[in-house]
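Asks: Below: one structure in structure tokens.
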Amino acid sequence: MLRLYDSRLSGNAWKVRILLTQLGLPFERVTLDLAKGATSDPAFRAKSRFARVPVLELEDGRTIVESAAIMFYLAEGTPLLPDDRFLRAEVMSWLTFEQADLLRALALPRFYHLRGIGDQMAGRIADFQEAAYPALQKAEAWLSTHDWLVDERYTIADIGLFGYVSMAHQGGYEMQRFPSIDAWIARVKAQPGWVSLVEEAKA
Ligand SMILES: N[C@@H](CCC(=O)N[C@@H](CS)C(=O)NCC(=O)O)C(=O)O
């Protein structure tokens, strides 16, 4: 069975979990405690050359790291990744944009707030926001005229952008500035098989 190494609040691992669930692929989930330094464990380092989650371990023991690479692997041959060469490049372009222009700037302010050090890190958060607001505006402009990022259909590009953009408010971002992003987030969440970051507690 496929095995996903994740952490409870990792948005990058969440992207992969959404995709696995939407594709109906059974998987085992190994949730690491990052606060306890789980990514430094040599056994984990042997699976993850970058010492980060997510990691997807295949049935034969090989591992894939980086959420975008994992999603490309899993979505191959499914409706969530186009066959057409140009459209695949478009998917890659959104996934790269998310990683380069948004990921850290959205994830770290959220992390600081979740750890209760938001006030202490206010200057750093302001720098991240100054850098990320123009990138969010680019996504907003695209989504004001498109329902989806690529080929007017739901693809892994949407899952990749969705992860941290949907949680940006937790890092103090004023997401009410972006009504088209907001409407798109609702469309992504309405896709069959979508799962929340933290599962509802079972009674
Ligand atoms: N570009 C990577 C980023 C992965 C990443 O930053 N993972 C974080 C959690 S979201 C992590 O494992 N950090 C290592 C640690 O905190 O020890 C991806 O998209 O998979």
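In terms of the UniProt record's numbering, the sequence shown opens at residue 1 and continues consecutively. Quick reminder that beta carbons are idealized off the backbone N, C-alpha and C, glycines included. As the structure is a prediction and not an experimental result, all values here were calculated from the model.
#1: Please report the straight-line C-alpha distance between A203 and V55, rounded to a whole angstrom.
#2: Determine the DSSP secondary structure at D6, reduced to helix, strand or coil.
#3: According to DSSP, what are the bridge partners of E57?
#4: List the residues that DSSP assigns as beta-bridge partners of F27.
#5: Checking 8 Å against the spacing of the C-beta atoms, do L103 and Y164 come in under that value?
#6: Could you compute how far the alpha carbon of M175 sits from the alpha carbon of A139?
#7: Consult DSSP for R153 and reduce its assignment to one of helix, strand or coil.
#8: With distances taken Cα to Cα, identify the nearest neighbour of R110 among Y173, E199 and F44.
#9: Can you tell me which residues fall inside 5 Å of ligand 1, judged by beta-carbon distance to its nearest heavy atom, and keep chain order?
#10: Closer than 7 Å by C-beta to R62: which residues in its own chain qualify, once you throw out the five before and the five after it? Chain order, please.
#11: Go to F44, then tell me how far its alpha helix (DSSP H) extends in each direction, as first and last residue.
#12: Under the assumption that E59 contacts L2 (Cβ atoms under 8 Å), give the Cβ distance between them as a whole number of angstroms.
#13: State the CB to CB distance for the pair I18 and W148, rounded to an integer number of angstroms; the pair is presumed to be in contact (CB under 8 Å).
#14: For the segment 77-95 against the segment 151-161, do three or more pairs of beta-carbon atoms, one drawn from each stretch, fall closer than 8 Å, so that the two count as touching?
#15: Please report how far the alpha carbon of I70 lies from the alpha carbon of R88, in whole angstroms.
#16: Using the rule of at least 16 other Cβ atoms within 10 Å of the residue's Cβ for burial, across every protein chain shown, is G171 buried or exposed?
#17: Would F128 and A105 be called neighbours here (beta carbons separated by less than 8 Å)?
#18: Cβ atoms of W94 and L143: under 8 Å apart, would you say?
#19: Does L80 come out as helix, strand or coil in the three-state DSSP assignment?
#20: Report the residue ranges of all alpha helix (DSSP H) runs contained in full by the segment 82-163; include only those spanning at least 4 residues, in chain order.
#21: Does the Cβ-Cβ distance between L74 and L23 come in under 8 Å?
Replies: Short version:
#1: Position 203 of the sequence shown, counting from 1, holds the residue named residue 203. Position 55 of the sequence shown, counting from 1, holds the residue named residue 55. Because the pLDDT at A203 is just 42, under 50, the model does not fix this residue reliably, and the value given afterwards should be weighed accordingly. Going by the C-alpha atoms only, they are around 30 Å apart.
#2: Stepping through the sequence shown from its first residue, residue 6 is reached at position 6. The answer is strand: DSSP assigns D6 an E or B state.
#3: Position 57 of the sequence shown, counting from 1, holds the residue named residue 57. Looking at the DSSP assignment, E57 forms a beta bridge with R3 and T63.
#4: For the purposes of this step, residue 27 is taken as the residue at position 27 of the sequence shown. F27 pairs with L2.
#5: By 1-based counting over the sequence shown, the position of residue 103 is 103. By 1-based counting over the sequence shown, the position of residue 164 is 164. It is a contact, given that the beta carbons lie within the stated cut-off.
#6: In the sequence shown, residue 175 corresponds to position 175, counting from 1. In the sequence shown, residue 139 corresponds to position 139, counting from 1. Between M175 and A139, the C-alpha separation is close to 12 Å.
#7: Indexing the sequence shown from 1 puts residue 153 at position 153. In the structure shown, R153 sits in a strand (DSSP, three-state: E or B).
#8: Within the sequence shown, residue 110 is the residue found at index 110, counting from 1. When each option's Cα is compared against that of R110, the closest is Y173.
#9: S10, N12, L34, T39, R52, V53, E66 and S67
#10: Against the sequence shown, residue 62 aligns to sequence position 62. For R62, where only same-chain residues beyond five positions count, there are no Cβ hits under 7 Å.
#11: As a position in the sequence shown, residue 44 is number 44, starting the count at 1. P42 to R45 is the extent of the alpha helix (DSSP H) around F44.
#12: As a first step, residue 59 is located in the sequence shown; it is residue number 59 there, counting from the start. As a first step, residue 2 is located in the sequence shown; it is residue number 2 there, counting from the start. Correct: roughly 7 Å between the Cβ atoms.
#13: As a working mapping, residue 18 is identified with position 18 in the sequence shown. As a working mapping, residue 148 is identified with position 148 in the sequence shown. 15 Å between Cβ atoms; not a contact.
#14: yes
#15: On the sequence shown, residue 70 is found 70 positions in, with the first residue counted as 1. On the sequence shown, residue 88 is found 88 positions in, with the first residue counted as 1. Roughly 15 Å between the two C-alpha positions.
#16: Sequence index remark: in the sequence shown, residue 171 carries index 171 (1-based). Buried: at least 16 other Cβ atoms inside 10 Å.
#17: For the purposes of this step, residue 128 is identified with residue 128 of the sequence shown, where counting begins at 1. For the purposes of this step, residue 105 is identified with residue 105 of the sequence shown, where counting begins at 1. In contact: F128 and A105 (Cβ atoms closer than 8 Å).
#18: As a working note, residue 143 is residue 143 in the sequence shown. As a working note, residue 94 is residue 94 in the sequence shown. Against a cut-off of 8 Å, the Cβ pair of W94 and L143 comes out as no contact.
#19: Numbered from its first residue, the sequence shown carries residue 80 at position 80. Three-state DSSP puts L80 in coil, outside helix and strand.
#20: 85-97, 103-114 and 122-143
#21: If you number the sequence shown from 1, residue 74 lands on position 74. If you number the sequence shown from 1, residue 23 lands on position 23. Yes.
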